[in-house]
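Quick notes on the structure that follows.
Number of protein chains: 2
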Amino acid sequence: MSADLPDVRQTRLDNYVDRYAARTKGMTASEIRALFSVASRPEVVSLAGGMPNIGGLPLDVVGSAVRDLVVDHGATAMQYGSGQGDPTLRDQICDVMRLEGIDAHPDDVVVTVGSQQAVDLVTRVFCDPGDVVICEAPSYVGALGVFRAYQCEVVHVAMDDDGVVPEALEQAIATVRAAGKRIKFFYTIPNFHNPAGVSLSSERRGRVLEICQRNDLLVLEDNPYGLLGFDGEPRRALRADDREGVIYLGSFSKTFAPGFRVGWAVAPHAVREKLVLAQESATLCPPVFSQLAISSYLTRHDWMGQVKQFREMYRERRDAMLAALTEKMPAATTWTKPDGGFYVWLTLPDGLDAKAMLPRAVTARVAYVPGTAFFSDGFGSQCMRLSYCHPTPERITEGVARLAAVINEELELRQTFGPLTPGAGHDYDAPGPELS
Amino acid sequence: MSADLPDVRQTRLDNYVDRYAARTKGMTASEIRALFSVASRPEVVSLAGGMPNIGGLPLDVVGSAVRDLVVDHGATAMQYGSGQGDPTLRDQICDVMRLEGIDAHPDDVVVTVGSQQAVDLVTRVFCDPGDVVICEAPSYVGALGVFRAYQCEVVHVAMDDDGVVPEALEQAIATVRAAGKRIKFFYTIPNFHNPAGVSLSSERRGRVLEICQRNDLLVLEDNPYGLLGFDGEPRRALRADDREGVIYLGSFSKTFAPGFRVGWAVAPHAVREKLVLAQESATLCPPVFSQLAISSYLTRHDWMGQVKQFREMYRERRDAMLAALTEKMPAATTWTKPDGGFYVWLTLPDGLDAKAMLPRAVTARVAYVPGTAFFSDGFGSQCMRLSYCHPTPERITEGVARLAAVINEELELRQTFGPLTPGAGHDYDAPGPELS
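Protein chains in written order, with this note's numbering: chain A, 1 to 436; chain B, 1001 to 1436.
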């Protein structure tokens, strides 16, 4: 089929460089991208990707569900649908959210093309260029990419092992407002944070909500991993205790499968109306077939049983990673201990730079995401995100061993020659699927 | 499942009204929306919707294809994928476009969530607030909604039965530039125009391209209906004769089915790179399952045979509509004669207002889209779009008879009382699926 394809790339010059929107100027693929194309080779252990391991899904159940969907309901499932999303699925989404204490009405749910699109639509509705979004430090690379695309200014707020630090949040709000800037919302991932691997403690949840309410600040609660905790019941969502001040984002990408691209937002009524209009402008409607496929899966299958299987699988991988880190990492290396989700956040010994080290790591057949990807301001160079979601426990153990060897070599070089190549400055790490 | 749902809509006041982005201020659902919810009742003949009639699709073939996709390739089909889109599908898209004379490389294709999202991403990449987009008069309501969402200024250019008038295009470019404004692109639907129902003549295609090249103006060629012509071979795309100056948009929504939400853009290399980054920011990746489902359908089925069946079905409906219009409409009513696609553009006798008349038409159990929806500037009140794609020929005949009766009543009233209620001013007609 590809025979005689023309070479349409006569030139690599960009004739349009002077015509792009201001928001487009900063859209360049980072050097990390090129490395990741190397990192996808099978001999490299990738601790970089955020792809869920969906190998355990019941393919026979899903296969029958989608076949029946076409044969029995094809005229609906393959047609345009509601811009807000399928009513039955929105009802089921409310059932899913009830597990986290959320009491929502299907009318306040908007289905989106993955929760990534929910971040995009909320930002589209709220943010003018120059508006401030408060984020955790670090924060999800895909959300930072959206805020950048809408020309927002991101202000990071410190986290510790219990999640965002309330005093730091309060101070950031005051400082930004004292500077005369408008803050549009506080973007937070309270559970099994991407990339930090920590969760907001129960005690802090009330304080964070109280601070945001007192300061009249909207909360954007992004919760793709909430049902993937390794211990006990799902934590209570922020939205469960504040229906007017919180926009909640959910996703089926980690509890079922990402390839259907179905996420959602729950918002106060007036905001929900705006989100639907924004969705119609962006796509007319989210994919109907995807929505009905997920709806059918939820109805036909013990989907919570499947989520429990996922949890056990990820718990085993988390255990493998933490054990290997404890065994292999040199002193003065620290890391978070996640009790759910996909990620460990590792801080290198003083003087090491995760971005500068990445090419050497890939050469040693292990990959990670440098911490700078998760900051809008060039910070994070001493840190990295390690994912345990996709490789097997054996590969994780091997990957951590390779990484520890690279770090040890760096430390030896540093002891011999002093600090080496600093990070190449901050560039934009576009939130491709491999960084999700 | 809906038992004991809380009433979350304690208030209809919008607490956030002062916090939205400037672009959001104009996002309000039009009054037409409310009427259309009435118009969807079965007793109303809707000549308003742009939904394709997909009743003829081979459900057994598609059902088997999606089942096999899950069972044999589930780990890929349900996973995250490339932000640019599946390589095999992009290769097949190049084959589809070859039918219109386009010689493109799969590397220059970006898959989108319907071609609606392609319009959104192109506008995102190119348009700052205040930038001008030149559109035909009338133009597609969904594209106008996007341009509005990005705060563009739309300048309309006259069309006639041969499509956009080249002299009017050239004059508009000169006038806008003389006013010191930046034009980002010329948005055009050359084939079976939505809503105008006309096509750009072969002779004019070269002239339009020559004008745009001479004026260094990018063309955004939107072509969802190109393969749905009733006579002869598909027309040659503008992109076929200019690979550097044209961004081409295509869709499977009308040749296969819209519920998968798969469209695409073909762009010069540098622009394509920006579109992929914008896509990753918007959704991480377009729906993988949808893409592979369509790829499998194209491989397994005589999809062009299916398109030919669609053409014959739509031709029959077009014939029914034109015959009924000729038979029933009062003098001084005029309309276009489409030779493909879904739409007829009808102009009422002087003094009648299609928007003001719509409630009376719906009461008489027929619906249409008032012409004002297809202009950014309040024009079009004397016109309406009539769709023949979805109702049966019998229903079309009945609907046109009802509409003619309403128009005749309006004419009688006008002769008795003089001009009646003018249009209620221009409001924004959000591009919901029913207007697509």
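Beta carbons: idealized from backbone N, C-alpha and C, even for Gly.
Everything numeric in this text was worked out from a predicted model, so none of it was measured.
| Check | Outcome |
| --- | --- |
| Start-to-end residues for the alpha helix (DSSP H) that takes in G399(A) | P393 to F417 |
| N1215(B) to R1023(B) span [Cα, whole Å] | 29 Å |
| L346(A) - DSSP class collapsed to helix/strand/coil | strand |
| The segment 1195-1211 of chain B touching the segment 1152-1168 of chain B, judged by at least three CB pairs closer than 8 Å | yes |
| Extent of the continuous beta strand (DSSP E) to which K1184(B) belongs | I1183 to T1188 |
| Residues of the segment 304-323 of chain A with Cβ closer than 8 Å to any Cβ of chain B, in chain order | none |
| Residues bridged to S1387(B) [DSSP beta-bridge criterion] | Y1343(B) |
| F1230(B) at chain A interface by Cβ criterion, 8 Å | no |
| Backbone CA spacing between D1068(B) and A1404(B) [nearest angstrom] | 50 Å |
| Enclosing beta strand (DSSP E) for G250(A) [first to last residue] | V246 to S251 |
| Contacts that S64(A) makes with chain B (C-beta to C-beta distance below 8 Å) | R1067 |
| Residues that DSSP places opposite A367(A) in a beta bridge | S46(A) |
| Reference G55(A), options V1044(B), V1071(B) and G1050(B), closest by Cα | V1071(B) |
| Length of the line joining the Cα atoms of V1111(B) and S1251(B) | 9 Å |
| When T1347(B), G1063(B) and S1082(B) are compared against L1277(B), the one with the closest alpha-carbon | S1082(B) |
| C-alpha distance - M1051(B) paired with Y80(A), whole-angstrom precision | 7 Å |
| Proximal chain A residues relative to C1127(B), where beta-carbon distance stays under 7 Å | A21 |
| Under 8 Å by beta carbon: chain A residues contacting P1338(B) | The contacting residues do not exist; P1338(B) stays about 21 Å from chain A at best. |
| Contact belief for G85(A) with V109(A) at Cβ below 8 Å, rounded distance in angstroms | 7 Å |
| Per-residue contacts from R1124(B) into chain A (C-beta, under 8 Å) | A21, R23, T24 and A149 |
| Meets three-Cβ-pair contact criterion under 8 Å: the segment 1394-1408 of chain B and the segment 1308-1324 of chain B | yes |
| Proximal residues to L1005(B) (C-beta, below 6 Å), its chain only, five neighbours per side dropped | For L1005(B), the pLDDT reaches just 45, beneath the cut-off of 50, and the residue's location in the model is therefore unreliable, leaving the point undetermined. |
| C-beta contact flag for L1217(B) and D1241(B) at 8 Å | no |
| 8 Å Cβ cutoff met for D1222(B) and D1339(B) | no |
| Where D1353(B) falls, given that 16 or more other Cβ within 10 Å makes a residue buried | buried |
| Nonlocal neighbours in the same chain, by C-beta distance under 7 Å from R1272(B), ignoring five residues either side | D1108 and V1110 |
| Neighbour list for E153(A) in chain B, Cβ cutoff strictly below 9 Å | Neighbours of E153(A) on chain B: none; closest Cβ ~14 Å, over 9 Å. |
| Beta-ladder partner(s) of D1160(B), from DSSP | G1163(B) |
| Coarse secondary structure for V1266(B), derived from DSSP in three states | strand |
| Option in D350(A), L348(A), R243(A) and F147(A) with minimal Cα separation from N1015(B) | R243(A) |
| Straight-line gap, A1361(B) to C135(A) (C-alpha atoms, nearest Å) | 52 Å |
| L1249(B) versus V1176(B) - alpha carbon distance | 25 Å |
| Beta carbon of V1132(B) nearer than 8 Å to that of E1100(B) | no |
| Opposing strand residues paired with V1125(B) [DSSP bridges] | According to DSSP, V1125(B) bridges with nothing at all. |
| For L1352(B), the first and last residue of its enclosing alpha helix (DSSP H) | Note, L1352(B): premise wrong, no alpha helix (DSSP H); not H, not E. |
| Where the segment 287-300 of chain A meets chain B: residues whose CB sits under 7 Å from a CB there | P287, V288, F289 and S290 |
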